[in-house]
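This report refers to the structure that appears directly beneath it.
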Amino acid sequence: MDNRTLTDRLARIVEQGRVPGLHAVVAARHGEVILEHYGEGEDFRMGEPLGHVRFTPDTLHDVRSVTKSVVGLLYGIALADDRVPEPHEPLLRHFPEYPDLVGDPRRAALTIEHALTMTLGLEWDESAPYTSPANSEIAMELAPDRFRYILERPVVEEPGTRWSYCGGASALVARLVERGTGLVLEEFARARLFEPLGIERFEWSTGADGVALAASGLRLTPRGLLAVGRLVLDGGRDVVPASWLAEALYPRVRTDRGSGYGYQWYVGDTWVGAFGNGGQRIYVAPELDLVVAVTAGQYNLPEQPTASVVLEEVVLAGCSAS
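Right under this line is the structure:
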């Protein structure tokens, strides 16, 4: 493939104003980078304005809910170390500080897998803006005890029956990792995932209680995002067990977004991916031997098409034409 073709395709849609807020895109096929672009624009760190930023390969960027998929990988690493319980185990057994919550038999039936697949069946709503306490994730961060807040939500349907987007589920999974390994999330991630991948620069935003925001707090460079995607494409490369990836990338439930969902990863017919508010994206297409990482600044907008336009009209269109 002529990389200039992809570069020209991207330049055209940027000029046409069809990818507002595009901050960066890096794509690799057959192990080689085929597209790399850095833009500029207003950016934020978890809602805190950073002003006008000129993005470079070394610029850290919020990846928002891509964080959840990284947490899924960390759980798999810890599971191979026998540091966290198996997915089928009862969830509340591993939160013994809340014995009062076990009295509800439906709540007692919750398993770790229900958290991994976002099928907890608890009352949870992230449809409000991520600046409002009406959003359950924000309410969780404002609560005096985030884990009690999650686990005491009313049970509104049978656990395991329906996917419902829930940052609290990722927070529970991350808490199990921290408890089992004895390390805060960012340090376990540094030692067991990022350093083995050659990712030297990252940040993990924390809540007021100092706990890493497992649902949305990770900051990586675009190349760091790409490295995570390439790890998935390569079957884990002895960093994440291949057996765990097979489990995590198996579509266990259908989302309301049209794709399948495994253990904190979205699963399509020909791809697997991680998605974040604003247009953050890891896209892995095994049949094409392709990985794409996108960062963008369309945070909290009702429509966030930039990442999809880049992916479909530039990268995939260019690959199919080659």
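Take the sequence shown: its position 201, counted from the start at 1, is 201 in full-length UniProt numbering, and no numbers get skipped.
Even glycine gets a Cβ: it sits at the ideal position worked out from N, Cα and C.
| Query | Result |
| --- | --- |
| Spatial distance of Ala293 from Val66 (CA atoms) | 11 Å |
| Selected residue, minimal CA-CA separation from Gly31, among Pro99, Leu233, Ile199 | Leu233 |
| Cβ contact check for the stretch 183-197 and the stretch 158-168: 3 or more pairs under 8 Å | no |
| Bounding residues of the beta strand (DSSP E) (the contiguous stretch that carries Arg107) | Premise fails: Arg107 lies in the alpha helix (DSSP H), 105-108, not in any beta strand (DSSP E). |
| Of the listed residues Arg175, Leu245, Gln264, nearest to residue 327 (C-alpha basis) | Only positions 1 to 322 of the chain appear in the structure, and residue 327 is not among them; the question remains open. |
| CB-CB length for Leu183 against Ile150, believed under 8 Å | About 21 Å; that fails the 8 Å criterion. |
| Pairwise C-alpha distance: Pro105 and Asp58 | 50 Å |
| Which listed residue (Glu287, Gly198, Gln298, Tyr266) has its alpha carbon closest to that of Gln280 | Gln298 |
| Candidates Glu313, Cys319, Ser320, of which the one nearest Gln16 by Cα | Glu313 |
| Contact under 7 Å by Cβ, Leu218 with Val63 | yes |
| Inter-residue spacing [alpha-carbon to alpha-carbon] between Met118 and Pro49 | 30 Å |
| Pro87 classed as buried or exposed, judged by whether at least 16 other C-beta atoms fall within 10 angstroms | buried |
| Buried/exposed call for Arg107, threshold 16 Cβ in 10 Å | buried |
| Val291 beta carbon less than 7 Å from that of Gly236 | no |
| Through-space distance from Ala128 to Pro241, alpha-carbon basis | 37 Å |
| Inter-residue CB distance, Ala28 and Leu220 (contact presumed, cutoff 8 Å) | Contact flag wrong, Cβ pair sits at about 15 Å. |
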